[in-house]
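First up is the structure itself, then whatever we jot down about it.
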Amino acid sequence: MKRFIFKITLFVSVFFIVEKGVYYFLHIAPDKEYDKRLENILKGNMNKELVVLGSSKGATDILAGQLEKETGLISYNLSYQGSNVVFHEFLLKTLLKYNEVPKKVILVIDIPYEFIEEKTLKFRIDRLYPLSKYNYINKELINQKEKNILSWFLCSARVNQSNFKFKNIKPPHFNPLDEYGSGPYIIEKHSKDLDYSLKKETYNIKDELPYKIKAFKSIQKLCGENSIELTFVIPPNFFDLNRRFVKRFRKLLTDENKLFVYDTVNPIYRDEKYFNDYSHLFINGAKVLTSEISDFIINSDNK
Amino acid sequence: MLFNSLDFAVFLPIVFALYWFVSLRYLKFQNLLLIIASYVFYGWWDYRFLSLIIFSSLVDYTIGLKLKNEEKALKRKLLLWASISINIGFLGFFKYYNFFVDNFVEAFSFFGSKIQANTLNIILPVGISFYTFQTLSYTIDVYKQKLEPTKDIISFLAFVSFFPQLVAGPIERATNLLPQFYKARAFHYSNAVDGCRQILWGLFKKVVIADQCAIYANLIFNNSSDYSGSTLVMGAIFFTFQIYGDFSGYSDIAIGVSRLFGFNLKQNFAFPYFSRDIAEFWRRWHISLSTWFRDYLYIPLGGSRGEIWIKIRNIFIIFIVSGFWHGANWTFIVWGFLNALYFLPLLLTKKNRYNIEIVAANTLLPSLKECIAMLMTFSIIVFAWIFFRAESIIHAISYIRNIFSSALFEAPVIRPTYLIAFLFIFMSIEWFGRKDKYALELLLLKRKRILKWGVYITLIISICVFSGEEQEFIYFQF
């Protein structure tokens with residue numbers, strides 16, 4: 000028995016030392032990424048006056064650089080493709096923890112999927128994995144049940160298979176991130192023809208997911224507590240505005256927050272030349288929408 | 000409690016220490032400790048169902064003793080049937096009640112009568128199929144006078160609830176496991192080290208192979224209408240490795256843990272995917288269940304004796320019942336039926352005991368003929384697993400129909416390189432260790448320590464990298 004205990008102890012000790020070698024992969028993983036926005040948040044390099052949060056609609060349709068020029072506020076886009084409102088809440092919390100409080104936050108709404116089940120919108124765990132060397136991120140991965148508490152003690156339990164990359168990740172060809180964090184579609188070319196749809200979409204409150212509503216309310220609360228001016232933006236789709244959703248959405252807003260809805264009578268939002276697909280604008284459309292948002296912000300400030 | 004959980008990682012060393020250091024010289028204390036540990040292990044999932052195990056154990060313990068004192072054949076038979084009725088009754092209620100009610104209602108509606116279905120919201124107690132068969136084997140063996148009934152209730156309760164194999168087997172026979180509770184256990188260094196090695200290999204199979212395959216198998220099966228034929232084939236192959244890694248991994252951990260406590264459980268998997276025909280596959284897959292059905296169902300039915308149609312009938316019965324044992328769904332029944340169909344040609348041509356030894360027993364690599372035989376057997380097994388994994392018969396049929404579409408020969412959309420590499424390494428290790436009880440048993444034994452430890456550390460690191468949320472074992476639901 001003594002021999003067994005001794006050997007096990009020795010083996011565990013050797014393992015504990017050897018497995019620390021895995022830290023190398025944890026360490027180099029952030030450098031392989033081309034999108035360094037989240038790491039910059041963690042490093043406290045995201046001290047902006049206006050921040051845009053959202054999913055791909057926020058990333059492609061709103062140009063933070065243009066917002067900065069038009070409003071005079073130092074702006075940055077922190078929208079992530081395929082992210083949901085829970086991820087936006089996480090980003091906001093992280094931003095507030097490590098950076099100066101922004102004056103304004105724009106939250107871009109995924110109409111009508113903001114609060115209901117939608118496979119393409121999720122908590123972007125994959126954006127957290129390359130940064131798991133940071134304790135804050137590891138804690139979040141444990142909260143998300145992607146990692147267990149062993150990851151506090153073992154590098155191998157903290158690392159993920161996606162960390163074993165040897166090549167740098169290249170930016171996407173069609174919508175690379177610009178220096179303001181936006182990723183508009185720069186090549187104005189359709190993969191297929193689009194037909195504007197007038198059909199009225201339904202919206203059922205019963206389909207709403209409580210955890211998404213909770214995250215949404217938490218964003219409003221966080222902004223309220225930190226005196227941040229929160230503006231919700233409903234960008235255009237290449238189909239009619241779902242007014243049922245808008246009506247429902249208004250009920251979830253607290254009084255101090257503002258809602259901007261794109262100019263529904265502007266004919267460019269019915270012109271396929273401005274749309275990459277049914278849900279995302281090309282850069283020419285993004286410029287128009289961003290300009291509308293800038294006007295809205297300036298007008299709101301002047302009131 | 001799951002073997003791949005942190006709870007178990009804390010639980011096991013505590014029980015180990017108490018077992019060997021505190022109650023070292025007292026066999027009864029050791030057995031009592033094992034009962035308590037087993038009940039804690041089971042109760043961690045749902046303590047309410049502990050009463051079911053205890054009740055089932057007491058019934059078979061009492062009936063066993065009564066059988067010893069009873070000489071009249073009729074009364075002995077009644078006692079046996081009492082045990083069978085109670086055990087199968089519990090199993091039937093918890094596992095099959097809703098299935099029978101639903102099918103009963105559907106059958107009536109087919110003939111135009113409408114009746115109200117009274118299904119219940121029943122929770123299936125984990126491991127009920129396993130411990131029910133284990134206790135039944137005791138009573139049947141006592142009835143057949145193959146086994147002396149025990150008066151030692153502590154040993155008997157420990158035998159039924161022995162935590163390493165309580166919830167997902169191997170289904171141990173009383174003739175093998177129960178006597179081990181009577182004798183003092185001595186700690187053997189080599190056994191303990193071998194047990195640890197087998198636990199490690201089991202965890203690797205579960206966490207790295209099965210759980211990673213599960214990600215892609217689930218993705219493809221749950222969205223099967225979205226994928227082309229070649230991707231669906233990949234989905235079926237991923238599930239094939241998932242179920243093997245999951246279940247044989249559990250068995251390896253169970254056997255390894257038992258060895259730490261001085262017990263020897265029987266081998267449950269013997270490299271089934273290297274089988275050259277389906278009969279060999281069934282001698283190598285879930286051995287404890289296959290032999291249970293062979294000894295307590297197939298042979299009493301007449302086995303392979305008698306007229307040809309009796310043999311055919313028996314084969315279909317054993318495979319269909321085996322399929323139904325896995326779950327209350329027609330998919331399992333069809334899976335069993337399909338395996339019976341595969342088996343039939345071998346039975347009729349008397350080639351069902353053709354391949355007894357492991358493939359390429361005396362050579363490093365298989366011959367071309369063996370390769371083709373293995374590939375064909377593997378292919379039909381993969382095909383049958385589609386029914387096992389599908390949600391319903393309709394789902395399975397549509398899955399198969401979509402496989403044989405024009406896109407069968409296109410490159411699969413889902414082809415995770417890292418996982419394919421892991422599967423290749425895994426199957427290579429399995430191949431080189433195929434002559435042993437588990438792949439790592441002797442493979443590294445005579446190698447230098449630095450190499451052995453290097454392999455062990457690599458395996459643990461792989462387990463840690465892929466361990467996230469604890470994934471249940473597939474066979475827990477059975």
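Line by line, the protein sequences give chains E and S.
Mapped onto numbering that gives the first Met the number 0, the consecutive letters of the first sequence carry residue numbers 0 to 302.
Mapped onto numbering that gives the first Met the number 0, the consecutive letters of the second sequence carry residue numbers 0 to 477.
Virtual Cβ for every residue (Gly too), placed ideally from N, Cα, C.
The region 212–223 of chain E and the region 70–87 of chain E touch, with no fewer than 3 CB-CB distances between them shorter than 8 Å. In the displayed model, N76 (chain E) falls within a strand according to three-state DSSP.
T8 (chain E) and K447 (chain S) have their C-alpha atoms some 19 Å from each other.
Neighbourhood of N159 (chain E) in chain S, by CB distance below 8 Å: V464, in chain order. Unbroken alpha helix (DSSP H) stretches of 4 residues or longer found wholly inside the region 328–398 of chain S: 329–347 and 367–388, given in chain order. Using a CB distance cut-off of 7 Å, S155 (chain E) counts as an interface residue toward chain S.
With contacts defined as CB atoms closer than 7 Å, I110 (chain E) and N241 (chain E) qualify as a contacting pair. With respect to the C-alpha of I307 (chain S), the residue from S:F323, S:T138 and S:L345 having the closest C-alpha is S:L345. At a C-beta separation below 8 Å, I148 (chain E) has these neighbours in chain S: L5. Under the three-state reduction of DSSP output, Y195 (chain E) falls in the coil class, being neither helix nor strand. Proximity of Y215 (chain S) to chain E, defined by a Cβ-Cβ separation below 7 Å, is not satisfied.
The three-state secondary structure of F231 (chain E), taken from DSSP, is strand. Annotation for L176 (chain E): no alpha helix (DSSP H) segment contains it, and DSSP assigns it neither H nor E. Near chain S, meaning a CB-to-CB distance below 8 Å, the residues of the region 6–21 of chain E are K6, I7, F10, V13, F14, V17, E18 and V21. Of all residues in the region 174–192 of chain S, those with a C-beta nearer than 8 Å to a C-beta of chain E are F186, Y188, A191 and V192, reading in chain order. Identification of residues in the region 403–430 of chain S having a C-beta nearer than 7 Å to some C-beta of chain E yields Y417, given in sequence order. With a threshold of 7 Å between beta carbons, F3 (chain E) makes contact with chain S. Ranked by how close their Cα comes to the Cα of P170 (chain E), the residues E:Y22, E:E32 and E:Y23 have E:E32 in first place. For L106 (chain E), the beta-bridge partners assigned by DSSP are E:L52 and E:F231. For I456 (chain S), the neighbours in chain E by C-beta distance under 8 Å run, in chain order, V13, F14, V17 and E18. DSSP assignment within the region 226–274 of chain S yields the following whole alpha helix (DSSP H) runs of 4 residues or more, N-terminal first: 228–259.
Relative to the Cα of N217 (chain S), the nearest Cα in the group S:I242, S:G201 and S:R196 belongs to S:I242. Excluding five sequence positions before and after L296 (chain S), the CB atoms of its chain that fall closer than 8 Å to its own CB belong to I316, I317 and V320, given in chain order. Under DSSP, the beta-bridge partners assigned to V260 (chain E) are E:I233.
About 6 Å separates the beta carbon of F24 (chain E) from that of F163 (chain E), a gap short enough to meet the 8 Å contact definition. In the three-state reduction of the DSSP assignment, I40 (chain E) falls in the helix class, which pools H, G and I. In the three-state scheme derived from DSSP, where H, G and I count as helix and E and B as strand, S217 (chain E) is classed as helix. Among the bridge pairs identified by DSSP, F238 (chain E) is matched with E:S196.
Neighbours of W452 (chain S) in chain E, taken as residues whose beta carbon is under 8 Å from its own, are F10 and V13 in chain order. In this chain, the alpha helix (DSSP H) harbouring H325 (chain S) covers I307 to H325.
Ranking S:S4, S:G432 and S:I413 by CA distance to the CA of M233 (chain S) puts S:I413 first. Sequence-distant partners of R247 (chain E) (beyond 5 residues in either direction) whose C-beta falls short of 7 Å from its own C-beta, in its chain, are Y202 and I204. In the three-state reduction of the DSSP assignment, L280 (chain E) falls in the strand class, which pools E and B.
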